[in-house]
Structures are given as structure tokens and as C-alpha cells.
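Below you'll find the structure, written out as C-alpha cells, and then a few comments.
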Amino acid sequence: MRRQENTTKKILYLIKPYMHLVILSFVFAIISSALTLYAPILIGEGVDLILAKGQVDFGGILTILKRLAVIIAITSVGQWLMNLCNNTITYRVVKDVRTKAFSHLQKLPLKYIDSRQYGDTISRVITDVDQFSDGLLMGFSQLFTGGVTIAGTLVFMLAINVKISLVVILITPVSLFVASFIAKKTYTMFKKQSEVRAQMTSLVDEMVGNQKVVQAFGYQKKALERFDVINKDLQKCSLRAIFFSSITNPSTRFVNGLVYTGVGIVGAVSAMRGAISVGQLSCFLSYANQYTKPFNEISSVVTELQNAFACAKRVFDFIEEEPEASDGEGSVSLEEADGSLALNQVSFSYNPEVKLLQNLNLKVKPGQKIAIVGPTGCGKTTLINLLMRFYDIDEGQIVVSDYDVMKLTKDSLRSNYGMVLQETWLKSCSIADNIAYGKPNAAREDIERAAKAAHAHEFISRMKDGYDTIISEEGGNLSQGQKQLLCIARVMLELPPMLILDEATSSIDTRTEIKIQEAFHCMMEGRTSFIVAHRLSTIKEADIILVMKDGNIIEQGNHEELLEQNGFYAQLYQSQFA
Amino acid sequence: MKKLIRYLNDYKKESIIGPLFKLLEACFELIVPLIMADIIDIGIKNRDLPYILRMGGILVLFGVLGLVCSLTAQYFAAKAAVGFGTALRRDLFKHIGELSYAEIDVAGNSTLITRMTSDINQAQSGVNLVLRLFLRSPFIVAGALVMAFAISIRVSVIFVIAVPLLSIVIYGIMMITIPLYRRVQKGLDKVLLTTRENLAGIRVVRAFRTQKAEKEQFGEESESLMKVQLLVGRISALLNPATYVIVNIAIIFIIWVGGREVYEGALTQGEVIALVNYMSQILIALVALSNLIITFTKALASAGRINEVFALKASVRSGAGVRNSAKEDAPKVQFKHVSFVYKGDKSAVLSDIDLTVNKGETVGIIGGTGSGKSTFVNLLPRFYDAAEGEVLIDGADVKDYELNVLRQKFGIVPQKAALFHGTIRENLQYGKEDATEEEIWQALRIAQAEEIVQNKQNELDEMISEGGKNLSGGQRQRLTIARALVRKPEILILDDSASALDYATDARLRRAIAESTDDMTVFIVSQRASSIMQADKIIVFDNGRIAGIGTHRQLLRDCRVYQEICSSQLSREEVARHA
Numbered sequence: 003m004r005r006q007e008n009t010t011k012k013i014l015y016l017i018k019p020y021m022h023l024v025i026l027s028f029v030f031a032i033i034s035s036a037l038t039l040y041a042p043i044l045i046g047e048g049v050d051l052i053l054a055k056g057q058v059d060f061g062g063i064l065t066i067l068k069r070l071a072v073i074i075a076i077t078s079v080g081q082w083l084m085n086l087c088n089n090t091i092t093y094r095v096v097k098d099v100r101t102k103a104f105s106h107l108q109k110l111p112l113k114y115i116d117s118r119q120y121g122d123t124i125s126r127v128i129t130d131v132d133q134f135s136d137g138l139l140m141g142f143s144q145l146f147t148g149g150v151t152i153a154g155t156l157v158f159m160l161a162i163n164v165k166i167s168l169v170v171i172l173i174t175p176v177s178l179f180v181a182s183f184i185a186k187k188t189y190t191m192f193k194k195q196s197e198v199r200a201q202m203t204s205l206v207d208e209m210v211g212n213q214k215v216v217q218a219f220g221y222q223k224k225a226l227e228r229f230d231v232i233n234k235d236l237q238k239c240s241l242r243a244i245f246f247s248s249i250t251n252p253s254t255r256f257v258n259g260l261v262y263t264g265v266g267i268v269g270a271v272s273a274m275r276g277a278i279s280v281g282q283l284s285c286f287l288s289y290a291n292q293y294t295k296p297f298n299e300i301s302s303v304v305t306e307l308q309n310a311f312a313c314a315k316r317v318f319d320f321i322e323e324e325p326e327a328s329d330g331e332g333s334v335s336l337e338e339a340d341g342s343l344a345l346n347q348v349s350f351s352y353n354p355e356v357k358l359l360q361n362l363n364l365k366v367k368p369g370q371k372i373a374i375v376g377p378t379g380c381g382k383t384t385l386i387n388l389l390m391r392f393y394d395i396d397e398g399q400i401v402v403s404d405y406d407v408m409k410l411t412k413d414s415l416r417s418n419y420g421m422v423l424q425e426t427w428l429k430s431c432s433i434a435d436n437i438a439y440g441k442p443n444a445a446r447e448d449i450e451r452a453a454k455a456a457h458a459h460e461f462i463s464r465m466k467d468g469y470d471t472i473i474s475e476e477g478g479n480l481s482q483g484q485k486q487l488l489c490i491a492r493v494m495l496e497l498p499p500m501l502i503l504d505e506a507t508s509s510i511d512t513r514t515e516i517k518i519q520e521a522f523h524c525m526m527e528g529r530t531s532f533i534v535a536h537r538l539s540t541i542k543e544a545d546i547i548l549v550m551k552d553g554n555i556i557e558q559g560n561h562e563e564l565l566e567q568n569g570f571y572a573q574l575y576q577s578q579f580a
Numbered sequence: 010m011k012k013l014i015r016y017l018n019d020y021k022k023e024s025i026i027g028p029l030f031k032l033l034e035a036c037f038e039l040i041v042p043l044i045m046a047d048i049i050d051i052g053i054k055n056r057d058l059p060y061i062l063r064m065g066g067i068l069v070l071f072g073v074l075g076l077v078c079s080l081t082a083q084y085f086a087a088k089a090a091v092g093f094g095t096a097l098r099r100d101l102f103k104h105i106g107e108l109s110y111a112e113i114d115v116a117g118n119s120t121l122i123t124r125m126t127s128d129i130n131q132a133q134s135g136v137n138l139v140l141r142l143f144l145r146s147p148f149i150v151a152g153a154l155v156m157a158f159a160i161s162i163r164v165s166v167i168f169v170i171a172v173p174l175l176s177i178v179i180y181g182i183m184m185i186t187i188p189l190y191r192r193v194q195k196g197l198d199k200v201l202l203t204t205r206e207n208l209a210g211i212r213v214v215r216a217f218r219t220q221k222a223e224k225e226q227f228g229e230e231s232e233s234l235m236k237v238q239l240l241v242g243r244i245s246a247l248l249n250p251a252t253y254v255i256v257n258i259a260i261i262f263i264i265w266v267g268g269r270e271v272y273e274g275a276l277t278q279g280e281v282i283a284l285v286n287y288m289s290q291i292l293i294a295l296v297a298l299s300n301l302i303i304t305f306t307k308a309l310a311s312a313g314r315i316n317e318v319f320a321l322k323a324s325v326r327s328g329a330g331v332r333n334s335a336k337e338d339a340p341k342v343q344f345k346h347v348s349f350v351y352k353g354d355k356s357a358v359l360s361d362i363d364l365t366v367n368k369g370e371t372v373g374i375i376g377g378t379g380s381g382k383s384t385f386v387n388l389l390p391r392f393y394d395a396a397e398g399e400v401l402i403d404g405a406d407v408k409d410y411e412l413n414v415l416r417q418k419f420g421i422v423p424q425k426a427a428l429f430h431g432t433i434r435e436n437l438q439y440g441k442e443d444a445t446e447e448e449i450w451q452a453l454r455i456a457q458a459e460e461i462v463q464n465k466q467n468e469l470d471e472m473i474s475e476g477g478k479n480l481s482g483g484q485r486q487r488l489t490i491a492r493a494l495v496r497k498p499e500i501l502i503l504d505d506s507a508s509a510l511d512y513a514t515d516a517r518l519r520r521a522i523a524e525s526t527d528d529m530t531v532f533i534v535s536q537r538a539s540s541i542m543q544a545d546k547i548i549v550f551d552n553g554r555i556a557g558i559g560t561h562r563q564l565l566r567d568c569r570v571y572q573e574i575c576s577s578q579l580s581r582e583e584v585a586r587h588a
């Protein structure tokens, strides 16, 4: 409950800049709802002037109708303006939240992002924000008017006739009760349905997603059998869920009918006794119709709002997530590293219970090549994470150019590394913009020079739009190797003093692979380079080989030294060509 | 939608009863204002209390009847719609199962999955709504009009003007906003793409220190999304006020004209009230109809997409069968001038491939991406059909075999190591339903996967989660290899399926396969020269053509492409050592 209050407070805080609009919206809501309620009274008065043959007061009717016309005009303009206010508030607030969430994403520590599925984070920034917007809009537009309408109707009704009002007041809650009763009953059915649907989706996902395997093993018939079982189940659940939920409308309509009839009978009797006029009766009848509507709507608005609150909470949780530690006071900006690097007694683990790197020492002189080798999953990326300060070490010290990296600004440290990862990442924009990613103002000649140095110029020129070719989502129109060449070109443009390179294991064609090798060589010239290596030639040429296993560095030295040690590296080396 | 209507055939009764009862209910609703008019004109005028109560009773009775009718209608509509969805879903699933690789490539897996799930759900709720409401709303509008005419022809002129006007306003606004909503969706997609991109590339973004630029880009996209949303909002905000104005102006006229009619004695007071009521009913019905149309257009779009899948026809069809399948002297596999082109591609992926492979041989296949390696092996079990030429297995054209007989000969390990939700045992029995414990363990041993299973608490009964997420890439690959080996295939195809294995395991695996499978013909597709160096025969692919066939030694001497590959991957000594 407290947390709910908290969320409310935060939402109110977000709305604050638009308070003037909220007030306007509220004023318009009151005006239009009150006038909407006044219209039936006028209509009733008009009807009262039409008694029977020869008994019609045309003059009176004309005055009333004129008044009615004015009221209609004001009401509709008021409604429209209210809607405009609500739209503006909602979409602006939502834009603010969305932008805030995205900026926060840029500040979050890698630890947060790595430990969660992308889908979860994306749904917080996009889907939850969207749902929140829907709920907010509905809340504004219907909660205001609904409340005003209910209150107004009560006042107007009581002012005309207490007895008939009581009929309405007493029967209406029945409709609410029925609606919420059905909603509660159907909730479990819908839950069941979505469970079965989830089963169905995951089966379809598996079978259709891996259609080729299914066919290779002739599993179609078995798959269909499994499908049929779930499908039958789904049929049963869906029928129940759909039917019971579709009862709501007729049932509430029935209760509304009862209200209408009740008003009709009591009203008619009162009219017969002369307590009210026929026109007032017709006014009551239209109130009876109007009064139940906001009640039904409000019950659905409440569920929608609850949902919106839940979504808002998830978004707020995300925004309030602890950001990456900012650079400490007095941090130095490292202009140009000399290429020397040392690890002194470094310990690190992702999870305090699972020890990973322990008391690691390493000395790298400017221009040396360090190959990192080991079986898949041995933790090669951990080292990259620490060098780039994507993660911070637990104990010890990393020294770059005689500076403890903790005393350097993160941005300046990172600017001294050029990074080419095996998981290539390109933006969906033009090739030129991708190459100039780190240097947006780079001249076209510089971009082309970098591309040439990365052996990417050739294939880029062959494309229809050359450097202006737009790369589709996740680089769909490029081959894996071409993507990697672009990533290399991206680094070439800046060419910082230290490099982190990740050799591709597979899925690159040989010719391109040769080009990548050459590009790597050209880059590494005179630069301190860390290479996650798979190729024996690279490994052998390295000044230092770090052999990793199960997250830790178990051996260190050059090729000959390590072979002499006859340890894990020697075993790895021999097995490859045995 | 038309083509899919046949799935309602089994639910004809329901599809007729549903709307029918809905109409009955609408009739009861339409009569209410008339009865109320009678209460006013007769009951109140004559101070007839029993009449008022009697009419009140009738109103309640009609209410009850209406409720019963509409519940009946809802039930039958739901039954028909769900039945429709179920039958359609089954057929589509079956249809997808029969498609061949060529069609799956064109359609794409994720598309097929959305067709199976959300599109069918959408179509199903479309059917449900149509059965329930599509007749009802027009019927109420028409009914209210008829009632108005019955009460007073002169006053109903107002209806004749107001109803089309209302329709134009409602549908006009819809027609303007629906395309705009598409723009909103596009804006949302853009924002989504940028978010996903930034998540995936977060390391690069930080390495290049471009957080600010990314924020700016997102800010712009977010801003333009907001602008479209505001535009749509402004237009759709007109709907309520506009309809309100029209209906109430109509009511003003009803009272004025009605007043004149009453003055002349052609109409009663109660009837004027009834006419006002009918006007309101029409408005409600039209708004309901507009919502329905939105759902219906969505359902139609879904139906269209589902039909697109049905329109795909399996290009590979089972052959008539081959009688004496194994000709003793025939080579195991033979390609005669085979060419292949992917649908939609201009140039051939394979052209004029001609070769023979004998029983028991191990064949290594190497070449760059897109050189045609995978396509080559996919032609063997007829995942695709050759465009030209013949593929023969045991001396018979693959097109003559019955499809399941042909595929029974193969054990295939695809590039993507896909396992299914279920126990390890169930996964291995994919290949051979009645595989014994012994056969399973033997396959695991060859695949170097024995240890993986032994380390699991429940051994063979350990559950594998969806997609094999609880296993590492290397473990998954070894289990998929075991799965292919369980059926003791005549031909084993390893399609770049050891890429996640370290060199040592890869080497052990190849040795074990070579040792334990004398009769088996093995095709190993790989990017690594070291994986295929010792094969009996190496086929080097380059741009869809065979650049060379031979042993490592022969190829090193004669084949330029092979030399290039080796020198890029192996150090000089390694190349030499095996040469």
C-alpha cells in the first residue's frame, strides 16, 4: 500500500509541469459534464410544453430550444478542449518518462544490463511506458468526467424528486456488483487460458522455429499429436473464458434495464399523482441511462489504472536503479596513453560466492601483443570488461600509463582503447555514419581512408549507394565478415594507442578472413594489443599468451615457454593437430 | 477471410443461432421506448395504476428475455469462434509442418510463429465479434428508423438526415485516424529499435563515448512520436463532441417538429419521448459499430496473412518409392551436373556439380560462407530439390524415394544446435523412437557427450529447457550429434556442427566417429581446415563451384583456394606436417 502511495507521488511529480493543463482539464470536465446533465432537464421542460392536441406552447418551446442549442454548443466545445488537455498532458508526460528511462539506460552499470534479458529492459522502456500512457489517458478522460457525472446526476435527481432518485441509487450498485463478480470469476479462466496459450506458443516456437530439425528427423506426426493435445485444451479454456467474459455486457445491460423500468414505474406513478411532470419523467429516464454508464466505465478504468500503476512502478524501478559510479573527484583525464599497462594483484568476481580472477599480475610494455586463449566460456570477455572498466575490480590495481585507472575519468580511459568485438554491432544508419560513429564530424576522405585501411572500401564501393548505403536492422544486408570489417574501419578512424581485438571463430569466408587478418596486423603496428585469439599463427606471434580456464588465468608466457611448461596450453596445442 | 470461412462449416448451427438470438434481443430493446410511450400516454393520462404496473411487468419480462437471448447468442458465438480458431490453428500447424526448406526460407520462422499465434487469435476474436455484433448494430439502427417511421413519418425525416450525417462523421474520423495510428506504430517501432540497438551495443556505445549522441537521437525520435500521437489525439478528440452536437440538434428538431405534430393531434407526448430515445439508441449502435470495424479490419489483415502461409505449397513432394534400394555396385552418393538456385536469387548457388562418394567414405567440405557447402549437403536428404541435374543415392534418384524412407537413411546435425523441451532421453529418441538404453549411451560416447549426461543429476531423465538454454553451446552441439548417431544412419551429415567445441574435443569426436562407424558415409562441413584435413576426400567449394576434390596433400599441391584457406588458418609447419 505504501509503495502504491509512493508511485502515486512520483506520478504526480511527473505531471507537475503540466499542472495548469490539469486544472484546465478539470474545469472543462465540470462544465461539460454539468451541462450534459442539464440538457435532459431542458428537453424535459420542452416535452412538458407539448401536452396534447391543441395544447402546445410554441413560444415557450422556442425559448427552451434556443437555450438548449447554446448549451449543446458550449458542452461540445468544452468536451473537445478537455480531450485536448488530456491528450497533451498524457503524451508529454509519457515522452518525458520515456526519454528519462532511455538516458538512464546510458548510465546503468554493465552489471545491471548483463544480468537481465534485453526483453525485460526493453519492455520497461517501451511497453510499460506505453501501457502507462494508455492508463493515464483513460484515467484523465474518464475518471474526471465519470466522477462529475455521477455527482452531478445525484444532485440534479435529488433536486427534482427524492423518491425516484432512491430507486436509481439503490439499484445501480447491483450492476457494479454483477460486473465485479463476473470479472473475478473470469480472471481465473483468463489466467488458465493464457497459461495454455503460453504452452501453445512455446510448442509452436520450438516446432516451427526448428522446422528444419523436425523435418530432418521426421518428427512432424509426433509434433502434430502433441499440438492436438494442447489445442484441445486451449479450445476448452478459450470457450469458457470468452463466454463468461462476454456475459458482463448483457448482465449489466439487464441491470440497467431494471433501473430504467424502476424509474419508469415509480416515475409514472408519481406523475400520475402529479408529483412530477411527464417531462421530468423523461429527464429521469435519460438520467437512468446516463447514470449507470460512468459506473460501468469506472470499474474498467480502475482495472486499467491498476495496470498503469504497476507499469509505472516497473518504469520507476528502472529509472531509480543505481547508476554506474561517476568519476571520482579530482579524476584525471588521460590524453594519450603511452601503451604501458600493469595488473597488480587483481581480484575480481561477478558473484562474491564464485571466485573468479585472483591475485592476477601482468606487466605489458608499450607495443606488446597479448593473446588470450582458452576453451569457449573460459572468461575471456571478463578481461575485456575489466580493461575497459565496464566492470570494476574488487581488489588490486590496474595501471595504465602510470595512472591507477580508478583515478582516471572513464571516458578518457575508454578513448585510449580501440575495440573490435566478435559480436559485431552496427547502427541502422548509413555505412559512412557507422564508420564515423566515434567521430561524427569526420570528413568523407577520412572515412574512406579508414575504410581502405580496413580493406572495407572495396565491398562498400560495390554496393549500390556506396558509403550512403543504409544498414538494415542488425546489419541484415551485410555478411558477418563485412560487418567485422566495418567495425575495424570504425576503430581505424580514431586508432587509439591500445587495442582490444576479438578474432572470429567461424562463419566468415576465407577471403574476408584474410582481409581481416591483414587489417588487424596493420592496426596493431606499434600499439599495445589484447587479442582474444583462435588462430595459432596469432597466438605464436604474441609477446605474452594468457591461458584462461574456468574464468581464471592459469598460465602466462610466450609460446615456447608455455610448451616447455607442458601444461594446459601444451595440451591444447597438441590436441589441435594431433 | 473468405477462404477461412470454411473453418466455420462444422459450426453452422452455432453461427446461425448466435446472430439470430442477438437480433431477437435487439428487438426487445427496440420495443422498450414504445412501451414507455404507452405508459405515459395511456397510464399516466388515464391515471391507470394497474396498466402502469402491467406495462412495467412487461418491461421486466422483456429485460429477462433479452438477457436470455443475448446469453444464448454469446455462448453460440463463442463456441463457433473458438471452434473456428482451433480448426484453423491445427490446419495451419499441419501445413507448416509440410512445407519444405525453400518455403520456410521465404516465409521466415518468426513470421510463421506470429501467424500461428497472434494472427489466429486476432482472426478468432474477429469471428466472435462479427457473429455477435455485426448484425446487431445495423439492425438497431434500421429498427430504430423503422420505429420512427411507424410513429411519425414527418418526424422521421429528421432521422433520415441525422443518421447518414452521424455515419459520415464517425467513419470520416476513423478513416483519417486509422492511417495515423499506423504512423504512431511506426514511431513506436523506431523508438523500440533504438532501445534494442543501444542495449545490444552498450559496450560499443560506451567505448566510443557516444551516450550523449544516442540520447539526442532517442530524444528526437521520442519527440516526433509524441507529435504524431498528439495529432491523432486532436482528431479523435473530435468524435464525441461532434456526435453529441448532431444528436442533440436532431433532438431539438424532434421536439420542435414533434410539438407541431402533437398540436395537430397526429402524435402524442409519449411518442415524442420515444422518438428522442430512438435517436440516442442509434448513436450508441453506430459508435459500437465503429469499434467493431476497427477490430474487424485487424482480423481481416490477420486472415490475409494467414492465407499467405496457406498459399505456400510444399515444393518437395514424396516420390513413389524405390523397390530394391541398395544396388550393390552403385556409389553411395552421386551428383550428376547438379545446379541449384535459391528462390528470389539471380545467380546459382551451386552450378554443375558432378561427383561420386563411395560407401564408408568420410568427406570433408570446406569453403567460404556462401560458397554452397550447406546447400550441397541439404540436397542429399531433399531439403531442397536440385534445379538441374540428378542427385542419386544408392543408385536411385532421390526424387523417386518416398520422403520418409529417404530421410531415414540420414543422421543430420544442423548448424544451429537445436534441442527441444523435454528430457535428454526424449531428445535423443527423436532420431529413433524405440532406441534402447544401450544404443543411446553408445551414441553419447561417440559424440563425446557421455560425461555431460553423467554429470547431470537425473542422467538421461534430466530436463532440457526450451531451446536447450540450460546447456552450453558446446554441450548442445554434442547432444545434437548424439541424436543423429542414435539412429545409426547410413549417411551422417555434420553441417559445421562442431564450431563451439574446442579443438581437443573436436579432434576426439572425429576420431570416435571414424573408429566406430565403418559403413557410415560421413559428410563434414567445416570452416576449419583442421577439422577436415584427414578426410578421405575433401571437396573445396568456391562460389558455387567445386574448386578441387582430393586429399589434403593433393589439394595443397593443386588447389589454389585450398592453399589460401590453409595458410590463413594454420601455421606453416602445420600445413607442411600433413602435406
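Top line first, the protein sequences correspond to chains H and Y.
In terms of the working numbering, the first sequence is residues 3 to 580.
In terms of the working numbering, the second sequence is residues 10 to 588.
Think of the CB as a built atom: it goes at the ideal place given N, C-alpha and C, for glycine as much as any other residue.
Just so we're clear, the structure is a prediction, and the values are computed from it rather than from any experiment.
Burial state of residue i (16 or more Cβ within 10 Å)
{"i": "TYR120/H", "result": "exposed"}
{"i": "MET3/H", "result": "In this prediction, MET3/H has a pLDDT of 43, which is less than 50 and means its spatial position is unreliable; nothing more can be read from the coordinates."}
{"i": "PHE183/H", "result": "exposed"}
{"i": "GLY56/H", "result": "exposed"}
{"i": "ALA580/H", "result": "Bear in mind that a pLDDT of 38 at ALA580/H, under 50, signals an unreliable position, so the model cannot answer this."}
{"i": "ALA458/H", "result": "buried"}
{"i": "LEU172/H", "result": "exposed"}
Beta-carbon proximity of residue i to residue j, cut-off 8 Å
{"i": "ASN554/H", "j": "GLN399/H", "result": "no"}
{"i": "HIS430/Y", "j": "SER204/H", "result": "yes"}
{"i": "ALA35/Y", "j": "ARG145/Y", "result": "yes"}
Cross-chain neighbours of residue i in chain Y, by beta carbon under 7 Å
{"i": "ALA584/H", "result": "Past the boundaries of the shown model lies residue 584/H; chain H is included only from 3 to 580, so the question cannot be answered."}
{"i": "ILE249/H", "result": "LEU80, GLN83"}
Beta strand (DSSP E) segment containing residue i, residue limits
{"i": "TYR419/H", "result": "419–422"}
Residue range of the unbroken alpha helix (DSSP H) whose run includes residue i
{"i": "ARG391/H", "result": "Taken as a continuous stretch (DSSP letters only), ARG391/H belongs to no alpha helix (DSSP H), as it is neither H nor E."}
{"i": "MET202/H", "result": "164–211"}
{"i": "ALA157/Y", "result": "145–160"}
{"i": "GLU227/H", "result": "222–247"}
Residues that residue i contacts on chain H, provided the C-beta gap is smaller than 8 Å
{"i": "SER231/Y", "result": "LYS97, ARG100, THR101, PHE104"}
Chain H residues whose Cβ lies nearer than 7 Å to that of residue i
{"i": "LYS88/Y", "result": "LEU241"}
{"i": "GLN220/Y", "result": "GLN108"}
{"i": "ARG454/Y", "result": "Residues of chain H passing the Cβ test: none, with the nearest at roughly 18 Å."}
Contact list for residue i against chain H, beta-carbon separation under 9 Å
{"i": "TYR7/Y", "result": "Absent from the model: residue 7/Y. The displayed extent of chain Y is 10 to 588, so no value can be given."}
Cross-chain neighbours of residue i in chain Y, by beta carbon under 9 Å
{"i": "LEU236/H", "result": "VAL91, GLY94, THR95, ARG98"}
Legend entry - Proximal residues, the segment 299–329 of chain Y versus chain H, C-beta separation under 9 Å: none
Legend entry - Residues of the segment 53–78 of chain H with Cβ closer than 7 Å to any Cβ of chain Y, in chain order: LEU53, ALA54, LYS55, GLY56, VAL58, PHE60, ILE63, LEU67, LEU70, ALA71, ILE74, THR77, SER78
Inset, instruction - Mind checking the segment 182–209 of chain Y against chain H and listing, in chain order, the residues whose C-beta falls within less than 9 Å of any C-beta there? - result: LEU197, VAL200, LEU201, LEU202, THR203, THR204, ARG205, GLU206, ASN207, LEU208, ALA209
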